[in-house]
Amino acid sequence: MSTPNGFPQHSRVCLTRSMEGGAVQDLQAKKAGKAAKKEAGGEGAPPKIGTPISETLKLLPEEFKANMKIKSITPRPPRKPRLERAASLDEKSWRKWRRFRTSQESLTDPNETSSSNGSLQEASPSPPTRGRASPCNPCCQQDSSHSSPDALEASPVGKSRGGASDLGKRASEISSAFGGLLRGKGFAGGKPRLSQIMPARPLPPMELNVASHSLRTANRIDSDCLDYRHYSQHKFGRVSSSLSDSKLQGNGTLYDNCSTDSMKSTFSVLTPIRAKDVRSRSYLEGSLLASGALMGAEELSRYFPDRNIGIFVATWNMQGQKELPVNLDDFLLPTDPDFAQDMYVIGVQEGCPDRREWEIRLQETLGPHYVLLHSAAHGVLYMSVFIRRDLIWFCSEVEYATVTTRIVSQIKTKGALGICFTFFGTSFLFITSHFTSGDSKVNERKLDYNKTIQALTLPKNVPDTNPYRSSSSDVTTRFDEVFWFGDFNFRLNKDRETVDSILNQNPDTDVSKLLVYDQLTSEMSRGSIFKGFQEADIHFRPSYKFDIGKDSYDTTSKQRTPSYTDRVVFRSRYKDDIQAVKYSSCPVIKTSDHRPVFALFRVKLRPGRDNIPLAAGQFDRDLYLIGIRRRTTRELQKRLEQKDQRSSSICSIS
1 MSTPNGFPQH
11 SRVCLTRSME
21 GGAVQDLQAK
31 KAGKAAKKEA
41 GGEGAPPKIG
51 TPISETLKLL
61 PEEFKANMKI
71 KSITPRPPRK
81 PRLERAASLD
91 EKSWRKWRRF
101 RTSQESLTDP
111 NETSSSNGSL
121 QEASPSPPTR
131 GRASPCNPCC
141 QQDSSHSSPD
151 ALEASPVGKS
161 RGGASDLGKR
171 ASEISSAFGG
181 LLRGKGFAGG
191 KPRLSQIMPA
201 RPLPPMELNV
211 ASHSLRTANR
221 IDSDCLDYRH
231 YSQHKFGRVS
241 SSLSDSKLQG
251 NGTLYDNCST
261 DSMKSTFSVL
271 TPIRAKDVRS
281 RSYLEGSLLA
291 SGALMGAEEL
301 SRYFPDRNIG
311 IFVATWNMQG
321 QKELPVNLDD
331 FLLPTDPDFA
341 QDMYVIGVQE
351 GCPDRREWEI
361 RLQETLGPHY
371 VLLHSAAHGV
381 LYMSVFIRRD
391 LIWFCSEVEY
401 ATVTTRIVSQ
411 IKTKGALGIC
421 FTFFGTSFLF
431 ITSHFTSGDS
441 KVNERKLDYN
451 KTIQALTLPK
461 NVPDTNPYRS
471 SSSDVTTRFD
481 EVFWFGDFNF
491 RLNKDRETVD
501 SILNQNPDTD
511 VSKLLVYDQL
521 TSEMSRGSIF
531 KGFQEADIHF
541 RPSYKFDIGK
551 DSYDTTSKQR
561 TPSYTDRVVF
571 RSRYKDDIQA
581 VKYSSCPVIK
591 TSDHRPVFAL
601 FRVKLRPGRD
611 NIPLAAGQFD
621 RDLYLIGIRR
631 RTTRELQKRL
641 EQKDQRSSSI
651 CSIS
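If you're matching positions, the sequence shown starts at 1 in UniProt numbering and goes up one per residue.
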């Protein structure tokens, strides 16, 4: 009998019995032949371990040699269906340990860039096999490979049939071909996973505050609340929203983690506050550096990281005109600076008869981002202080006082009006004045100045931030930052013809030749007026006196000399606290014989204490609502006019 592959079964029998005795060799040879025929059925002794297969074949009968078809020296075992060997308990525990170890490494590896499901790991080494010592005979090794897949992987036959090691090599080749996308395959029950695709260049660092510079108050968080988001997520979890991640992806909406988190966040973009902080904080008794101080350093750094506030200061002699300019944008919102200022202070001399209408126009122009903190009047002297609506909580009570320099007159046209308050820990004083007019009345104007600094009784209830540097005879020494602006009426000591010739030679901004004859510049250099005050460089044409509605200077019979009567000066207790950004006039407003003059400043702020009288968010609510309604109505009228212009196009037939 022979096996299906043509290999005789009796070839596995080895005739190794030794012959003893030479006399009966022929008889025993015949009996050995008969025994070989009977043992062809598979009942033979196994060959010796050291006997090679070629010597064994020599002992086979000739008839079996004729029927044998040996293709190679190494015989092949019969093909059987490959069955996976059942893993032992040791192997199962080893595989579980390996998976746990792999996942633990992916979690603890700081350089790991995989997804949340795990990362690709290199092919794991084969588990330890539990097997007996295999025999040294190649035949016996092939027999043992029938039932042991581990041995099959180690044999050449196993390799030719695509064992695990061969597949591992192929996987490594694929991984190198695809540039590392497929990093390997674990055959201990693991699945192939793709690694995360990294960007071509490093991403920019994300800051806690993702808001722009103009919205710097939106997303800053207290230093003692940095862990609040983690605590809220752990405690409350995420609130399921209709705008979930899956719906955003399904709709093809472009989004990032920040926008998604803000939509799904339990809290708003405002700074979170712990309940225990609400219980313990007292904003009326805070200290300078305490974490709970409303005026303290922490709040100041949140709203003003560079501790500088932008202030717009303007003065305008309206000449008592009832007609107001159609548009105040060029005056209050010049196009040169990219951003609006944080505070607007406007002083008016000889104001219009309807003061309320003037304030409504200011609110309408500045829009809903600003509120009227305070306004005051002294006869026809008006002053209005507007501030960004989210900064009103850091202001003290606002106080004001007035000084009359012309007692005889029933109409208070000449004098001074002062408004003061503390913002965080910095005290401010704003004074608008109208001094005595006349080309030669320089001494009278100096008297007006001296009377103002002595008679202006400020502050009243708000404490002085630095009383050791204050003087009872000078109100300007009792505040950190002082801005004095108005119609000072100082003229140019030169005739009209000379001034006109200089203006014609330098029509733009070179006015240095005119300032040589300026009375105020000369008096300030002597120290006789505005002691300790400074003025920014002047690069604009004289603001007085114009023909109403025109750009030409006085053409009446008086032929008044053009002069810099409208000015803005400033002083500070501390050096370099005030930086002038811009100093100019507004030539497009022509309803008066004066042109408005304005200045932009950057002022340094300091933290303060909460134990001062606070404004507590007080502002003129009625004015705010009226101004916003007018602004909305104006925008609707513009749209209707544009729509009518498009619909009423005229077609001409030639």
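C-beta atoms are modelled at their ideal positions from N, C-alpha and C, and glycine is treated no differently.
By Cβ distance, which residues of its chain are closer than 6 Å to residue i, with the 5 residues on each side in sequence left out?
i    : result
Y344 : F312, F386
G608 : M295, F424, G425
D487 : N317, Q349, H434, T565, D566
W358 : C352
F471 : The amino acid occupying residue 471 in the given sequence is Ser; Phe does not appear at that position. The answer, listed in chain order, is T477.
T457 : A401
F483 : V313, F430, F570
V568 : V313, F485, A599
Would you decide whether residue i is buried or exposed? Buried here means 16 or more other CB atoms lie within 10 Å of its CB.
i           : result
V326        : exposed
A200        : exposed
P337        : exposed
V499        : buried
A275        : exposed
S427        : buried
T556        : exposed
residue 656 : Look at the range of the chain in this structure, 1 to 654, and you will see that residue 656 is not part of it.
P202        : exposed
N506        : exposed
Going by C-alpha distance, which of the options is nearest residue i?
i           : options                : result
D547        : V442, R279, K590       : K590
R541        : E523, A455, S512       : S512
K531        : L332, D336, A275, I453 : I453
R496        : Y553, K550, T561       : T561
R602        : K276, Y583, G617       : Y583
S552        : V588, K575, R571, I578 : V588
S585        : R95, R279, P334        : P334
L514        : E535, R491, G347, G527 : R491
S375        : I346, V403, F394, I392 : I346
T521        : S563, I431, D554       : S563
A314        : V371, R595, L623       : R595
T422        : V403, G367, D610, I431 : D610
D622        : T404, I407, L373, V569 : L373
A599        : M383, F485, Y624, L640 : F485
A616        : R356, W393, F331       : W393
T405        : S384, Y449, L429       : Y449
I538        : D576, Q321, Q559, A580 : A580
I431        : K441, S440, A455, S437 : A455
K441        : Q519, L625, R646, Q505 : Q519
D354        : D474, L324, S301, L366 : L324
K412        : I529, N308, T436, L391 : T436
Y624        : L328, M524, P272, G367 : G367
V475        : F304, Q559, G418, T271 : G418
residue 659 : K558, V568, L391       : Since the first residue of the chain shown is 1 and the last is 654, residue 659 is not available in this structure.
Within a Cβ cutoff of 7 Å, which residues of the same chain sit near residue i, ignoring the five residues on either side of it in sequence?
i    : result
R573 : N466, R469, D480
D593 : Q319, Y544, K545, F546, I548
S384 : I346, E359, L362, L372, S375
K451 : V403, T405
N493 : Y517, Q519
Taking only three categories from DSSP, how would you classify residue i?
i    : result
T217 : For T217, the predicted structure reports a pLDDT of 43, less than 50, and the residue's modelled location is therefore unreliable. The matter cannot be settled from this model.
M343 : strand
R526 : helix
R642 : Correcting the residue identity first, residue 642 is Gln in this sequence and not Arg. Helix at Q642.
D474 : strand
F492 : In the sequence as displayed, the identity of residue 492 is Leu instead of Phe. Three-state result, L492: strand.
Y400 : strand
E350 : coil
L605 : coil
E323 : coil
D331 : The question names Asp, yet the displayed sequence has Phe at residue 331. F331 falls in the helix class under three-state DSSP.
E481 : strand
I311 : strand
S512 : helix
Among the residues of its own chain, which have a CB less than 8 Å from the CB of residue i, if the five just before and after it don't count?
i    : result
N461 : E397, E399, P613
H369 : A340, R388, R389
K322 : C352, P353, D354
K558 : none
Is there contact between the region 617 to 631 and the region 441 to 448, where contact requires at least three CB pairs shorter than 8 Å?
no
So, does the region 374 to 381 touch the region 633 to 640, judging by three or more C-beta pairs under 8 Å?
no
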